[in-house]
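Student:
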Amino acid sequence: MSSPHLAVVVVTYNRSAYLADLLRSATTLTTAPWRVVVVDNASTDDTQDVLAEAAGWFDDGVLVNHRLATNTGGSGGFCEGTRVALELGAQWCWLMDDDVEILPEALERFAPAMERFQVIHGRRYDFDGSPFYWQAKFNQFLGVPLPYGLRKVFDDEGYAITNSGTFEGMLVHADVVRTIGLPDPRFFITWDDATYAWLAAQHTDVVYMDAFVLQRKREQQQVSLGVRHLNDGSALFRFHVMRNRAHVGRYFAEYGKLNRLGFALGTVLTFAKEVFRLVVVQHTLKGLGDLVRGARESRRIWRDPSWRPMDPAEVPSGPRG
């Protein structure tokens, strides 16, 4: 059985072993995806060899190998992958990183939600097999996603309405992309997925469903805070987590939802959270400079008169020709 016009969109960069495992898991789906679009972000390892071998695991034309000339980050990869999928004729894009595996009955578990909603997240297992806590909502005043907390998350039908999301498993209907535009490549990494789900939530319901569809495979250094885990972060992440606050704020402003005082407080809290991450998870203060540089770049983006949101008119309407 196949899933009509559902494209799995994977972004990968120098993690060929994880990618191979992910692609193998896609072959075990009891409902086959219509396409598997892999965006290779200019990897320098053996990713292309893995993709050449994996082409034989799927029916002709299912695996689409789309290599980029430069590394555009996760944001640029998902922008390009979504564009390619829609050009091919995808009705749904299931966006995911390369360090997950798909559970065999994932698409059957999505099917009831796909009858009702246009932006859907399933649940994930962590690398150790435990449920991964990731449900969050954007706090409108602070402009940051916060955990739901310990109260009941899902309703009696197994859904939770939210306004945030993640590209580690966000399933998006093509109509939503044509309404809000492609994922914004300017983020490079971080805040891009949460913001994209927030944009979608201004037009339609964004939901989590109480069904497991993915398992994370990459082990990370982390500390449990009860309602959530705090993972380690790279220098690149620290820079962009502060820099991209400006992109988030400008999207809020476009929709008339920006409270400047509250958003400034949210930015201070974001900085404090990243210092906490450095000290508690990574046991260092090296990295403060990355945060400061990101904050400085954020101010430049705030002042940029040429800044515009992504243009829905640039979204492909369907197959070319």
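Counting in the numbering used here, the sequence shown runs from -17 upward without gaps.
No residue lacks a Cβ here, since even glycine has one placed at the ideal position from N, Cα and C.
(1) Please go through the same chain and pick out, in chain order, the residues whose beta-carbon is closer than 8 Å to the beta-carbon of Gly303, but skip the five residues on each side of it.
(2) Excluding sequence positions up to five away, which residues of its chain have a Cβ less than 6 Å from the Cβ of Glu279?
(3) Enumerate, from N- to C-terminal direction, the unbroken alpha helix (DSSP H) stretches of 4 or more residues contained entirely within the segment 14 to 97.
(4) What are the boundary residues of the beta strand (DSSP E) that includes Met292?
(5) Would Ala95 and Val223 qualify as a contact pair, given that the criterion is a beta-carbon distance under 8 Å?
(6) Report the residue ranges of all beta strand (DSSP E) runs contained in full by the segment 111 to 165; include only those spanning at least 3 residues, in chain order.
(7) With contact counted as at least three CB pairs below 8 Å, one residue from each stretch, are the segment 109 to 121 and the segment 190 to 199 in contact?
(8) Helix, strand or coil for Pro301 per DSSP?
(9) Could you check whether the segment 239 to 255 touches the segment 137 to 145, counting it as contact only if at least three pairs of C-beta atoms, one from each stretch, sit closer than 8 Å?
(10) Where does Phe219 fall in DSSP's three states?
(11) Specify the secondary structure class of Gly269 as computed by DSSP and reduced to three states.
(12) From Met78 to Asp286, what distance separates their C-alpha atoms?
(13) Report the CB separation of Phe92 from Ala176 in whole angstroms; it is logged as a contact under 8 Å.
(14) Does the Cβ of Thr64 have 16 or more other Cβ atoms within 10 Å, making it buried, or fewer, making it exposed?
(15) Would Pro294 be called buried (16 or more neighbouring beta carbons within 10 Å of its own) or exposed?
Tutor: This is what the structure gives:
(1) Interpretation of Gly303 is limited by its pLDDT of 43, a score under 50 that renders its predicted location unreliable; the figure taken from the coordinates is listed afterwards. Cβ within range, chain order: n/a, list empty.
(2) Cβ neighbours of Glu279 beyond the five flanking positions: Arg225.
(3) 29 to 36, 55 to 70 and 88 to 96
(4) If you look at Met292, you'll find it isn't in any beta strand (DSSP E); DSSP assigns it neither H nor E.
(5) No.
(6) Runs of the beta strand (DSSP E) inside the segment 111 to 165: 118 to 121, 126 to 129, 141 to 144 and 152 to 155.
(7) yes
(8) coil
(9) no
(10) The answer is helix: DSSP assigns Phe219 an H, G or I state.
(11) coil
(12) 31 Å
(13) Rounded, the Cβ-Cβ distance is 21 Å, inconsistent with contact.
(14) buried
(15) exposed
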